[in-house]
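Following: one structure in structure tokens, then a few remarks.
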Amino acid sequence: MKRSNRLILLLGIVFAIAAFVLVFVTLNSRAGPPGGSPEPVAQVDVVVAREAIPLGTAISDENVEVQTRDVGDPVLVGAVRSLADVEGQAVRRDIAAGSVLTREAFSTQTTAENETVMRALPAGMRAMAVQVDQVTGVGTLIQPGDRVDVIMAISDTDAKFPIVTIVPEAEREEVDVITKLDDGLYNGTTVKALVQNVQVLGTLLPPPPEETNQQAEPEQTQDPEQPTDENEQGTALTGQQQIVIIAVTAQQSELIRFTQLDGNLSLVLRSTEDEEAPPDETTGITLATLYDEHGVLKPQLFELDPITR
């Protein structure tokens with residue numbers, strides 16, 4: 670075979686291969702990828718922390734923002750979708766910057782863990798436990814991150830704080846100590862806002878009561894004709910106890926411990942916006958201050974006209 674014929678044959682083979690490749694590419698481009706065009710990934714709005722959010726901080730547009738994330742992201746389980754859903758609410762644990770806010774961050778906790786308490790405890794502060802009930806603890810609704818005041822109440826029913834007076838007739842200033850008044854005219858109750866604006870680090874509720882093998886007494890049925898009291902539909906006092914762990918200074922811990930031993934205390938719930946609020950000046954309350962400063966009227970005796978028959 671001549672050299673020119675071989676060249677023509679080689680060129681023909683090359684053109685045939687090129688044509689085959691061109692046809693194959695054209696057909697594939699028209700048919701598209703298997704299964705058709707890929708569907709766009711679904712996305713959803715979530716609330717993300719702009720910065721680190723400490724325990725007890727109220728949520729606002731200053732510390733969070735709304736971002737768009739893929740629905741399939743496992744981090745979005747239980748995520749908060751709208752700022753309006755949580756605005757003004759306090760977080761019940763520390764939130765790292767860039768983290769997606771979840772419902773768990775606002776959930777009610779019934780068990781305080783050592784790691785959680787220690788992480789939230791500021792430097793130089795002490796963690797102290799206070800036991801309250803439904804009346805002295807705002808219905809046992811206090812949660813981690815809340816801010817509370819500690820109210821002291823002491824009623825001198827056991828003469829631990831005797832009245833001390835100076836005898837004016839004595840040549841020397843002798844001290845006359847009265848340990849008890851039998852006439853009942855002495856009121857030894859005193860109340861004071863002892864510690865203000867402390868943060869709650871954790872709470873503990875007692876375990877549920879154990880079930881017994883005793884048969885429960887049959888419930889009494891209500892007579893349908895007997896009118897019901899609407900107040901009976903509300904929450905009743907059940908004796909529920911709660912242990913609240915608060916962050917205090919060394920001096921505050923001494924004040925609270927004294928009250929625990931020789932008096933009783935209550936916790937008063939404050940607004941989440943009171944973190945930087947200065948302490949209020951209070952006078953404290955005794956029976957005398959009620960009469961002298963708050964307009965409470967003193968009881969008075971008066972004689973009744975004799976009844977004539």
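Positions in the sequence shown are counted from 1; adding 669 to them yields the working numbering.
All C-beta atoms in this analysis are idealised placements derived from N, C-alpha and C, irrespective of residue type, glycine included.
Keep in mind it's a predicted model, so treat the numbers as computed, not measured.
(message) Can you look up Met787 in the DSSP assignment and give me helix, strand or coil?
(response) helix
(message) Quick check on this structure: which residue in Ser768, Ile682, Asp802 and Ser922 has the alpha carbon closest to the alpha carbon of Ala905?
(response) Asp802
(message) Can you confirm whether Ala759, when its beta carbon is compared against all beta carbons of chain D, has any partner nearer than 8 Å?
(response) Absent from the structure: chain D. Only one protein chain is present.
(request) Since I believe Ala798 is in contact with Val860 (beta carbons under 8 Å), could you give me their beta-carbon distance rounded to a whole number of angstroms? (result) Wrong, their Cβ atoms sit about 22 Å apart, outside the cutoff.
(message) Just to check my reading of the structure: Thr955 and Thr858 have Cβ atoms closer than 8 Å, yes? What is that Cβ distance to the nearest angstrom?
(response) 7 Å
(request) Could you check the C-alpha separation between Gln921 and Ile728 for me, to the nearest Å? (result) Take the alpha-carbon of Gln921 and the one of Ile728: they are about 29 Å apart.
(request) Taking Ala957 as part of the alpha helix (DSSP H), name the residues at either end of that continuous run. (result) Leu956 to Glu962
(request) Report buried or exposed for Val715, applying the criterion of at least 16 other Cβ atoms within 10 angstroms of its Cβ. (result) buried
(request) Just tell me which of Ile820, Arg795 and Gln736 has its CA closest to the CA of Leu870. (result) Arg795
(request) Given a cut-off of 8 Å, decide if Ala862 and Asp815 are closer than it, judged by their beta-carbon atoms. (result) no
(request) Look at the alpha carbon of Val717 and the alpha carbon of Asp931, and state the distance between them as a whole number of angstroms. (result) 48 Å
(message) Pairs of beta-carbons, one from the region 720 to 727 and one from the region 745 to 753, closer than 8 Å: are there three or more?
(response) no
(message) Checking 8 Å against the spacing of the C-beta atoms, do Ala711 and Val740 come in under that value?
(response) yes
(request) Report, in whole angstroms, the separation of the C-beta atoms of Val817 and Val867, which I expect to be a contact under 8 Å. (result) 6 Å
(message) On the CB-based measure, 16 or more other CB atoms within 10 Å of its CB, does Ile915 come out buried or exposed?
(response) buried
(message) Quick check on Pro875: buried or exposed, where buried means 16 or more other Cβ atoms within 10 Å of its Cβ?
(response) That one is exposed.
(message) DSSP has Met797 in a bridge; who is on the other side?
(response) Checking the DSSP bridge columns, you'll see Met797 partnered with Ile915.
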